[in-house]
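Residues 520 to 767 (our numbering) make up the sequence shown, in order.
For glycine and all other residues, C-beta sits at the position ideal for the given N, C-alpha and C.
Since the structure is predicted, the reported quantities are computational estimates derived from the model, not experimental observations.
Down below is the structure, laid out as structure tokens.
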Amino acid sequence: MTSFEKKEHARQEAFETIWETQIDAVFTDVAAVYDKANDFASLGMLKGLRRRFIASIDVEPGQRVLDVCAGTNVIGIELLKKQPGLDVYAVDRSDAMQRVGKDRASQQGFEIKGHICDVHRLPFPDNHFDVVTLQYATRHLRVIDVFSEINRVLKPGGNFYHCDMLRPANKFIEEAYCLYLKGCLKTISWAIRSGPDAMACHGYFVDAIRLFYSTDELSRLLSELGFSHVTGRPMLGGTVAFHKACKA
Ligand SMILES: C[S@@+](CC[C@H](N)C(=O)[O-])C[C@H]1O[C@@H](n2cnc3c(N)ncnc32)[C@H](O)[C@@H]1O
């Protein structure tokens with residue numbers, strides 16, 4: 520077993536029940552206010568990060584793009600604003616999040632082809648997409664399985680762009696970050712009157728960061744899975760990072 524397989528095994532053992540029984544209810548609960556709550560929790564920083572992430576993504580007219588764990592379609596919509604000639608697909612397990620996303624896209628005159636499914640098995644043929652994106656969801660997934668699926672559906676030479684909250688490599692930053700997260704989650708849950716599933720998941724959201732990858736670890740994992748030209752760009756003390764990886 521490689522060290523990454525061991526880590527994935529530990530993550531799965533710790534979180535499998537939550538992933539299978541609670542995460543969907545949490546996103547159903549917050550779907551209507553998800554984007555506003557995120558802006559609040561990040562003290563407005565999320566918009567700036569999103570702008571930088573979108574700017575880092577190279578897209579050309581006519582390309583086929585897949586956004587994995589698309590939620591409310593923030594990435595698909597921003598990519599279509601940047602390049603209206605794209606053919607954009609979205610996959611997510613949450614019908615509630617995708618309904619909000621579909622409405623938001625059509626209100627702005629965009630079409631995003633949504634699929635409701637578990638992303639551990641992507642419902643697309645091999646070598647199908649020019650670009651795949653995945654933002655703020657990998658902590659809730661079996662990473663090796665999903666990244667391998669992404670590699671499968673990308674065309675050779677296609678690019679995978681990833682953005683997520685990661686485990687800071689620096690222990691002091693990690694502790695401060697986890698404290699901040701705990702406080703934030705409590706405040707938001709109270710403000711939006713979260714249901715019992717979201718309330719019960721506060722500890723999980725912090726533990727998921729503690730057991731997650733640092734920027735460098737995620738770069739190494741992508742390379743080990745066969746991606747080439749892997750780059751990882753840590754931001755905000757390594758609490759967030761952008762990765763780009765090419766299908767060889
Ligand atoms: C934090 S949201 C991020 C949404 C979006 N990418 C964004 O940046 O706003 C996480 C999303 O991952 C989805 N998700 C979590 N586990 C999933 C799984 N196993 N299969 C499909 N979607 C999943 C949730 O339904 C939710 O919409």
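So, under 8 Å CB-CB, residue i and residue j are touching, yes? Tell me the CB distance rounded to an integer number of Å.
i: Lys674; j: Phe643; result: Not a contact, Cβ separation roughly 11 Å.
i: Ala717; j: Ser708; result: 6 Å
i: Tyr680; j: Ser575; result: 7 Å
i: Ser738; j: His762; result: 6 Å
i: Leu685; j: Ala760; result: 5 Å
i: Cys682; j: Tyr655; result: 7 Å
Taking the Cβ atom as the reference point for each residue, do residue i and residue j lie within a distance shorter than 8 Å?
i: Val672; j: Leu653; result: no
i: Leu740; j: Phe523; result: yes
i: Asp606; j: Asn678; result: no
i: Gly751; j: Thr734; result: yes
i: Asn670; j: Lys766; result: yes
i: Arg612; j: Cys636; result: yes
Buried or exposed: residue i, going by 16 or more other Cβ atoms within 10 Å of its Cβ?
i: Asn646; result: exposed
i: Gly757; result: buried
i: Ala529; result: exposed
i: Arg572; result: In the sequence under discussion, the amino acid at residue 572 is Phe, which differs from the Arg named in the question. Under this definition Phe572 is a buried residue.
i: Met616; result: buried
Which same chain residues end up closer than 8 Å to residue i when comparing Cβ atoms and leaving out the 5 residues on each side of it in sequence?
i: His639; result: Leu660, Arg661, Asp664, Val665, Glu668
i: Leu700; result: Phe724, Val725, Ile728
i: Lys621; result: Asn592, Ile631, Gly633
Excluding the 5 residues flanking residue i on each side, which residues of the same chain have their C-beta closer than 7 Å to its C-beta?
i: Gln531; result: Arg661
i: Val545; result: Asp716, Ala717, Cys720
i: Asp548; result: Ser713, Gly714, Asp716, Ala717
Identify, in the order they occur along the chain, each residue of the same chain with its Cβ nearer than 6 Å to the Cβ of residue i, setting aside the five sequence neighbours on each side.
i: Ala710; result: none
i: Leu585; result: Tyr608, Phe648, Val651
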